[in-house]
Amino acid sequence: MPRAAGRGCWFFWIVAIASSGLTSPAFSQDAPAGSDTPTPRAPESPSVLKLGLETAIRYALVNNLTLQAQSIDVDIARSQVSVAESAFDPDFHSSFNRVDFQTPSPSLLETGGVQQNSAIEGTRGTFDMGLRDRLQTGTMLDLTYTQARNFTSAANRFLNPDWSSSLTLSATQSLLRGGWLPFNQAEIRIARNSTQISKWKFYEIVSNVVLQVIEAYWDLVFLVEDVDVKKQSLDLAKDQLEINRVKVQQGVLAPLELKQNETSVYFRTAELIGAEKAVRDGEDVLRRLLFSLEETERWEVGLDPIDRPIVDPKFGAPDWKDAARVALERRPEIVQATVDLESKGIAIRSAETQLLPQLDLSGSYAVNALTGTGQTIQTSTGPVQVPINGDWSDNLSDLFDGKFRTWTVGLALDVPIGNREGKSNLLKAKYERRQALIRYRDLQNSIVQDVRESVRGIDTSIKTIEFTTKARESAEEQLRAVRSKFDVGLATNFEVLQLQEDLAQKRRDENKARKDYAVARARLDRARGVLVDRAAIGIDIRIDDDDR
Numbered sequence: 026m027p028r029a030a031g032r033g034c035w036f037f038w039i040v041a042i043a044s045s046g047l048t049s050p051a052f053s054q055d056a057p058a059g060s061d062t063p064t065p066r067a068p069e070s071p072s073v074l075k076l077g078l079e080t081a082i083r084y085a086l087v088n089n090l091t092l093q094a095q096s097i098d099v100d101i102a103r104s105q106v107s108v109a110e111s112a113f114d115p116d117f118h119s120s121f122n123r124v125d126f127q128t129p130s131p132s133l134l135e136t137g138g139v140q141q142n143s144a145i146e147g148t149r150g151t152f153d154m155g156l157r158d159r160l161q162t163g164t165m166l167d168l169t170y171t172q173a174r175n176f177t178s179a180a181n182r183f184l185n186p187d188w189s190s191s192l193t194l195s196a197t198q199s200l201l202r203g204g205w206l207p208f209n210q211a212e213i214r215i216a217r218n219s220t221q222i223s224k225w226k227f228y229e230i231v232s233n234v235v236l237q238v239i240e241a242y243w244d245l246v247f248l249v250e251d252v253d254v255k256k257q258s259l260d261l262a263k264d265q266l267e268i269n270r271v272k273v274q275q276g277v278l279a280p281l282e283l284k285q286n287e288t289s290v291y292f293r294t295a296e297l298i299g300a301e302k303a304v305r306d307g308e309d310v311l312r313r314l315l316f317s318l319e320e321t322e323r324w325e326v327g328l329d330p331i332d333r334p335i336v337d338p339k340f341g342a343p344d345w346k347d348a349a350r351v352a353l354e355r356r357p358e359i360v361q362a363t364v365d366l367e368s369k370g371i372a373i374r375s376a377e378t379q380l381l382p383q384l385d386l387s388g389s390y391a392v393n394a395l396t397g398t399g400q401t402i403q404t405s406t407g408p409v410q411v412p413i414n415g416d417w418s419d420n421l422s423d424l425f426d427g428k429f430r431t432w433t434v435g436l437a438l439d440v441p442i443g444n445r446e447g448k449s450n451l452l453k454a455k456y457e458r459r460q461a462l463i464r465y466r467d468l469q470n471s472i473v474q475d476v477r478e479s480v481r482g483i484d485t486s487i488k489t490i491e492f493t494t495k496a497r498e499s500a501e502e503q504l505r506a507v508r509s510k511f512d513v514g515l516a517t518n519f520e521v522l523q524l525q526e527d528l529a530q531k532r533r534d535e536n537k538a539r540k541d542y543a544v545a546r547a548r549l550d551r552a553r554g555v556l557v558d559r560a561a562i563g564i565d566i567r568i569d570d571d572d573r
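Everything in the sequence shown is counted per our numbering, starting at 26 for the first residue and increasing by one.
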């Protein structure tokens with residue numbers, strides 16, 4: 026799978042390359058010398074925009090709305106990677122509580138000798154804050170600081186008010202279900218694969234758009250040439266009409282013969298009008314691929330395609346097996362299907378872990394501190410002053426001295442009975458991968474079929490060019506011969522008109538064969554997955570390191 030380092034917005038990287046004006050040796054063989062137009066530029070005249078094939082492709086890559094919409098899908102897919110990774114973002118938590126209470130005392134000791142059921146008043150305030158984090162190994166970490174202050178009107182309290190605090194680090198590691206990297210990274214890896222699929226889908230659409238531009242461009246070239254053919258045919262009909270008018274004046278030809286020539290002129294004029302309308306329609310087909318509606322001036326000017334398809338005598342139909350081998354490695358559809366199969370395998374392995382029991386190893390380490398204001402305690406021998414005095418800052422200092430520590434460790438086991446949900450999810454994941462594998466194999470068959478058809482298209486177009494060229498040359502020779510006979514009265518006017526129409530059709534067939542050849546080459550490159558590379562616009566698939 027092709028890989029290259031790259032950062033930033035993928036679509037706009039392509040737009041920048043498309044706008045940079047790189048030359049295209051791959052297409053120069055199909056264009057006459059001097060036809061290269063390196064960058065999209067303003068019309069050379071107020072009414073006509075001379076347009077080379079390379080420039081047309083760059084216009085499409087910059088302006089095509091289908092590409093712009095698909096590029097957003099890439100950004101959407103990339104955003105889902107962040108969503109999957111957010112499950113491992115740390116979390117800050119904090120709380121504060123204050124309680125003011127009045128409770129009846131059940132003991133004279135608490136009230137300091139006052140009658141039983143006298144009220145005891147006090148306040149209790151607690152504050153905690155901490156950080157929680159989930160690691161990709163499945164480890165849950167929690168570091169919490171807790172501070173409490175208690176004050177009461179009850180007698181015989183050693184410390185009043187008192188400050189208590191603790192700093193606790195706890196960790197829980199899932200040993201079976203939900204533990205370790207394969208399970209916890211599954212969603213991230215699937216999301217990254219989805220981003221790759223979106224990028225290759227974008228690459229596929231780029232290839233499709235390039236093919237559409239090439240087809241529309243050569244169709245327009247054919248329509249423009251067809252106008253020329255129609256004009257030549259009309260000129261021949263007009264010449265024949267003038268020749269016959271002279272013959273009628275000389276008495277060599279009956280006046281009725283002129284009606285055939287006039288009818289032919291009218292018919293060919295109507296054909297020319299239809300051909301010119303077809304050119305305008307073909308220009309709109311190409312404009313839709315190249316320009317946005319906001320570029321009003323581009324929709325007003327005519328398009329003059331300056332390149333012409335030239336048959337490369339060295340290029341023949343390749344062996345379909347070699348072409349299919351390249352296609353099965355390079356086609357963006359096959360890469361998408363391969364990445365999708367990988368994601369389906371990740372989903373299966375993740376679902377398999379859900380059939381395991383839940384076994385968690387937990388442990389914690391805590392340091393504690395207690396300070397306050399010492400009180401005088403009444404004893405049988407007299408009052409005793411508690412020799413402890415400290416406030417919140419003293420409590421914090423004692424806490425970080427770490428004199429008082431607590432350790433805990435434990436195991437927790439949870440065994441699901443039946444676990445029908447886990448089994449169903451695993452079965453679903455296996456079915457989905459089986460379905461994806463079948464589609465992958467069907468895609469391979471479809472690609473091979475596409476390659477074979479494209480190879481046959483090249484072979485057919487080469488043979489068609491050969492025979493249509495010979496047919497046109499033969500029609501030209503026949504017309505010259507019949508006109509010579511007509512000049513000496515050995516051929517009829519009708520025969521001349523028929524051969525003129527036949528020559529026009531043969532010229533049209535030859536132009537169409539050349540157009541079909543140029544399109545067939547592009548379709549073969551598309552079938553092999555190398556069309557964008559051959560267009561030499563400088564586009565290559567980019568898989569960012571952070572999307573792997």
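Yeah, the Cβ is synthetic: ideal placement off N, Cα and C, and Gly gets one too. The structure presented is a predicted model; accordingly, all values stated were derived computationally and were not measured.
### Task
Report the rounded CA-to-CA distance for Thr-164 versus Gly-203, giving the unit in angstroms.
10 Å
### Query
Per the contact definition of three or more C-beta pairs closer than 8 Å, is the segment 307-316 in contact with the segment 233-241?
yes
### Message
Under 8 Å, with one C-beta from each stretch per pair, do the segment 328-338 and the segment 257-266 reach the 3-pair mark?
### Response
no
#### Entry: Closest residue to Leu-92 among Val-231, Lys-272, Arg-548 and Asn-185 (Cα-Cα distance)
Val-231
### Query
Would the beta-carbon of Ala-454 fall within 7 Å of that of Ile-371?
no
### Query
Start and end of the beta strand (DSSP E) containing Val-434?
429-439
### Task
Return the bridge partner residues of Asp-385 from the DSSP annotation.
Ser-199 and Ala-437
### Query
Thinking C-alpha only, which one of Phe-227, Glu-212 and Asn-518 is nearest Ser-368?
Glu-212
### Query
For Pro-186, which three-state DSSP category applies?
strand
### Task
Note down, in chain order, each residue of its chain lying with its Cβ closer than 7 Å to the Cβ of Arg-123, except the 5 sequence neighbours on either side.
Thr-148 and Gly-150
### Message
For Gly-399 and Arg-174, what's the separation of their Cα atoms in angstroms?
### Response
14 Å
### Task
Quick one: measure Cβ to Cβ for Phe-362 and Val-473, integer angstroms, because I've assumed they're closer than 8 Å.
For clarity, residue 362 is Ala in the given sequence; the question names Phe instead. Ala-362 to Val-473, Cβ: 14 Å. No contact.
### Task
Could you give the DSSP three-state label for Phe-519: helix, strand or coil?
helix
### Message
On the DSSP letters alone, give me the boundaries of the alpha helix (DSSP H) that Ala-349 sits inside.
### Response
345-355
### Task
Identify every run of the beta strand (DSSP E) within the segment 286-335, keeping only runs that are complete inside it and at least 3 residues long; order them along the chain.
327-330
### Task
Consult DSSP for Gly-163 and reduce its assignment to one of helix, strand or coil.
coil
### Query
Do the segment 244-254 and the segment 520-538 make contact, defined as three or more Cβ pairs closer than 8 Å?
yes
### Message
Let me confirm a value: Lys-224 is counted as buried when at least 16 other C-beta atoms fall within 10 Å, else exposed. Which label applies?
### Response
buried
### Query
Looking only at its own chain, which residues have a Cβ that is under 7 Å from the Cβ of Tyr-465, when we skip the five neighbours before and after it?
Ala-362 and Leu-366
### Query
Where do the N-terminal and C-terminal ends of the beta strand (DSSP E) with Ser-178 fall, by residue?
Run containing Ser-178: none; DSSP gives neither H nor E here.
### Task
Please name the residue, chosen from Ala-94, Val-87, Ser-191 and Ser-104, that lies closest to Ser-389 on a Cα-to-Cα basis.
Ser-191
### Query
From Lys-510 to Phe-292, what does the alpha carbon distance come to, in whole angstroms?
25 Å
### Query
Among Thr-177, Leu-156 and Tyr-170, which residue has its Cα nearest to the Cα of Ile-145?
Thr-177
### Span separating the alpha-carbon of Gln-525 from that of Glu-287
14 Å
### Contact set for Ser-111: own chain, Cβ-Cβ below 6 Å, skip 5 residues either direction
none
### Message
Let me make sure I understand the geometry here. Which of Ile-359, Leu-436, Asp-306 and Pro-382 has the alpha-carbon closest to that of Asn-444?
### Response
Pro-382
### Task
Would you mind sorting Lys-540 into buried or exposed? The rule is 16 or more other CB atoms within 10 Å of its CB.
buried
### Message
Assuming contact is defined by CB atoms lying nearer than 7 Å, are Gly-397 and Asp-187 in contact in what I supplied?
### Response
yes
#### Entry: Between the CA atoms of Glu-377 and Ile-463 - distance to the nearest angstrom
22 Å
### Query
Which two residues bound the contiguous beta strand (DSSP E) that contains Pro-280?
Looking at the DSSP string, Pro-280 is not in any beta strand (DSSP E), and its letter there is neither H nor E.
### Query
Taking just the CA atoms, how far does Phe-340 sit from Ala-545?
12 Å
### Task
Assuming Thr-171 contacts Asp-153 (C-beta within less than 8 Å), just tell me the rounded distance between them.
4 Å
### Task
Measure from the alpha carbon of Arg-305 to the alpha carbon of each residue in Glu-282, Pro-330 and Glu-320, then state which is nearest.
Pro-330
### Query
By how many angstroms is the C-alpha of Leu-556 removed from the C-alpha of Arg-508?
48 Å
### Query
Under a three-way DSSP split, which group does Val-235 fall into?
helix
### Message
Rounded to whole angstroms, what is the Cα-Cα separation between Gly-59 and Leu-78?
### Response
With a pLDDT of only 36 at Gly-59, under the threshold of 50, the placement of this residue in the model should not be trusted; the figure read from the coordinates follows. In a straight line, the C-alpha of Gly-59 is about 13 Å away from that of Leu-78.
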